[in-house]
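Student: Can you read through this structure? Questions will come right after.
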Amino acid sequence: MSVKIIIGYLRLFSRVLQQEQVDLSKVVSPELWKDFQACLDNPDEKDFDVERYASLLQAAQPHFTRPITLVLAEHANLQDLGLMGYLASTSIDLQQALQLLQRYYSLVFKQTNLEQLDVQQFPDYIQIVWSASYRDYREMYELNLALIFKIAQSIVQDALIPPQTIQFGYAPHTALYHFEKFYGCPIQIQQGHYAIRFSNQILKAKSIAADQQLNQVLSTQAQQSLNSVSSFEIQQQQFRQKIHSLIEQGLLQQEEVLQSYVAKRLHCSERTLQRQLKAYELNFQDVLDQYRLEQSKLYLQQGRSLSEIAERLNYADQSAFGRAFKRWTGVTPKQFLKSL
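In the UniProt record's numbering, the protein residues as written are 1 to 340.
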């Protein structure tokens with residue numbers, strides 16, 4: 001199961017494309033565009049994952065002079081974030097809004113996310129931080145950071161004090177000065193984490209639409225949504241995503257024996273890793289194959305060559321990759337591309 005996002009993100013993207021008169025239907029693969037439209041039309045029946053959303057953002061970028069993530073954030077409204085947006089707007093102040101954001105952040109990803117948002121308070125400042133394990137998600141990380149900033153700006157009564165600093169886990173594909181102008185502060189690149197830091201003064205910034213009675217009702221709804229997925233399913237998904245993250249890191253470092261690498265990163269033996277996987281009804285080869293399948297489809301849609309994909313996914317050559325792909329899907333990579 002891949003990381004899913006709520007319908008608000010898709011509606012926001014669609015709204016911006018319409019307002020800016022950008023047509024991606026002939027730019028992205030027919031399959032991707034069809035799935036995007038199907039999810040917009042039937043959000044209760046269809047899911048859309050972060051990988052495909054990031055692909056859409058990347059495809060749209062050449063049509064904009066500024067980072068698409070910042071354009072989206074500027075057009076966003078509270079409804080686009082679902083329950084999270086309404087919880088933030090009805091909070092007494094920004095401190096309560098941030099506490100609720102931390103508690104219910106996983107609802108934005110339909111509880112399929114691995115990377116938890118953390119609100120850290122220090123004597124002089126507060127920062128919102130989360131890990132960045134997936135290089136291909138960088139636009140999604142940038143978008144969420146910008147959304148948090150814009151929502152904070154929109155719900156407080158007075159002008160929001162600019163952040164002290166912004167941290168990016170990966171260098172953006174567009175110029176940094178766009179982001180520094182947007183946030184009004186310096187941008188630092190430090191691999192592994194995204195963060196936004198404010199002075200503690202912002203915590204008491206009052207909300208324009210504070211309503212504690214409504215906020216409590218919404219909090220109850222949010223908690224019920226969290227409880228709707230079984231604890232085992234959540235833990236299984238989180239563990240699988242953790243293994244996927246470590247597999248990606250191992251591939252980037254060109255590790256030959258991925259299972260051994262993952263076990264070392266988890267500070268356990270390979271046998272212990274196998275037991276942990278078994279406890280979640282998983283096995284390493286299946287998890288690895290799932291990761292490779294998801295990534296290979298993404299790479300194919302991005303137009304990468306078979307030899308490059310084989311190298312990225314640690315296959316001896318493109319023939320070995322082709323055989324594996326056909327075993328997973330029943331078709332060759334070229335046949336898969338023709339079907340798009």
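The beta carbon of each residue, even a glycine, is placed where N, CA and C say it ideally should be.
(1) Report whether the distance from the Cβ of R135 to the nearest heavy atom of the ligand FMN is below 6 angstroms.
(2) Under 7 angstroms between the Cβ atoms of G8 and D80?
(3) Drop a sphere of 10 angstroms on the beta-carbon of Y177, count the other beta-carbons inside from all chains shown, and report buried for 16 or more, exposed for fewer.
(4) To the nearest angstrom, how far is it from the Cα of A76 to the Cα of N200?
(5) Given this structure, state the Cα-to-Cα distance separating M84 from A263, to the nearest angstrom.
(6) Ordered along the chain, which non-local residues of its own chain (more than five positions away) have a Cβ less than 7 angstroms from that of V16?
(7) What are the start and end residues of the beta strand (DSSP E) that includes D317?
(8) Please report the straight-line C-alpha distance between P163 and K278, rounded to a whole angstrom.
(9) Using the three-state DSSP reduction, which class does T165 fall into: helix, strand or coil?
(10) Tell me which residues share the same chain as L337 and place their Cβ nearer than 7 angstroms to its Cβ, disregarding the 5 neighbours each side in the sequence.
(11) Start and end of the alpha helix (DSSP H) containing I68?
(12) Give the C-beta separation of T90 and L214 to the nearest angstrom, bearing in mind that I take them to be a contact with Cβ-Cβ under 8 angstroms.
(13) Measuring only the C-alpha atoms, how far is A59 from S207?
(14) Have a look at Q285, D211 and S260 and flag the residue whose alpha-carbon is nearest the alpha-carbon of Y86.
(15) Between the beta-carbon of A88 and the beta-carbon of I155, is there less than 7 angstroms?
(16) So what's I187 in DSSP terms, helix, strand or just coil?
(17) Do Y194 and A132 have their CB atoms nearer than 7 angstroms?
(18) Please list the terminal residues of the continuous beta strand (DSSP E) segment that includes D118.
(19) Using the C-alpha atoms, what's the distance from K326 back to L293?
(20) Taking the straight line between their C-alpha atoms, what separation do you get for Y261 and K242?
(21) Express the C-alpha separation of Q249 and P172 in angstroms, rounding to a whole number.
(22) Measuring alpha carbon to alpha carbon, tell me which residue in G82, L107 and Q120 is nearest Q99.
(23) To which residues of the same chain is P269 closer than 7 angstroms at the C-beta, ignoring the five residues directly before and after it?
Tutor: Taking the definition as stated:
(1) Judged by which ligands are present, the structure shown has none, so any question about the ligand FMN falls away.
(2) Yes.
(3) Looking at its Cβ environment, which holds fewer than 16 other Cβ atoms inside 10 Å, Y177 is exposed.
(4) If I take the Cα positions, the gap works out to 26 angstroms.
(5) In this model, M84 and A263 are separated by some 36 angstroms (Cα to Cα).
(6) Once the five neighbours on either side are set aside, the close Cβ partners of V16 are V71, L72 and H75.
(7) Looking at the DSSP string, D317 is not in any beta strand (DSSP E), and its letter there is neither H nor E.
(8) Looking at the two C-alpha atoms, the distance is approximately 45 angstroms.
(9) Here T165 sits in strand by DSSP.
(10) L300, listed in sequence order.
(11) First-last of the alpha helix (DSSP H) with I68: I68 to H75.
(12) Approximately 5 angstroms separates the beta-carbon atoms of T90 and L214; this is inside 8 angstroms, confirming the contact.
(13) Cα-Cα distance, rounded: 36 angstroms.
(14) When only C-alpha atoms are compared, the closest one is D211.
(15) Yes, Cβ-Cβ distance for A88 and I155 is below 7 angstroms.
(16) Looking at I187 - three-state DSSP - the assignment turns out to be strand.
(17) Going by C-beta atoms, Y194 is nearer than 7 angstroms to A132.
(18) Counting along the chain, the beta strand (DSSP E) containing D118 begins and ends at D118 to Q121.
(19) Between L293 and K326, the C-alpha separation is close to 10 angstroms.
(20) One C-alpha to the other measures close to 13 angstroms.
(21) Cα to Cα, the separation comes out at about 19 angstroms.
(22) Closest in C-alpha terms to Q99, from the list G82, L107 and Q120, comes Q120.
(23) For clarity, residue 269 is Ser in the given sequence; the question names Pro instead. Taken in chain order, the residues that qualify are A263.
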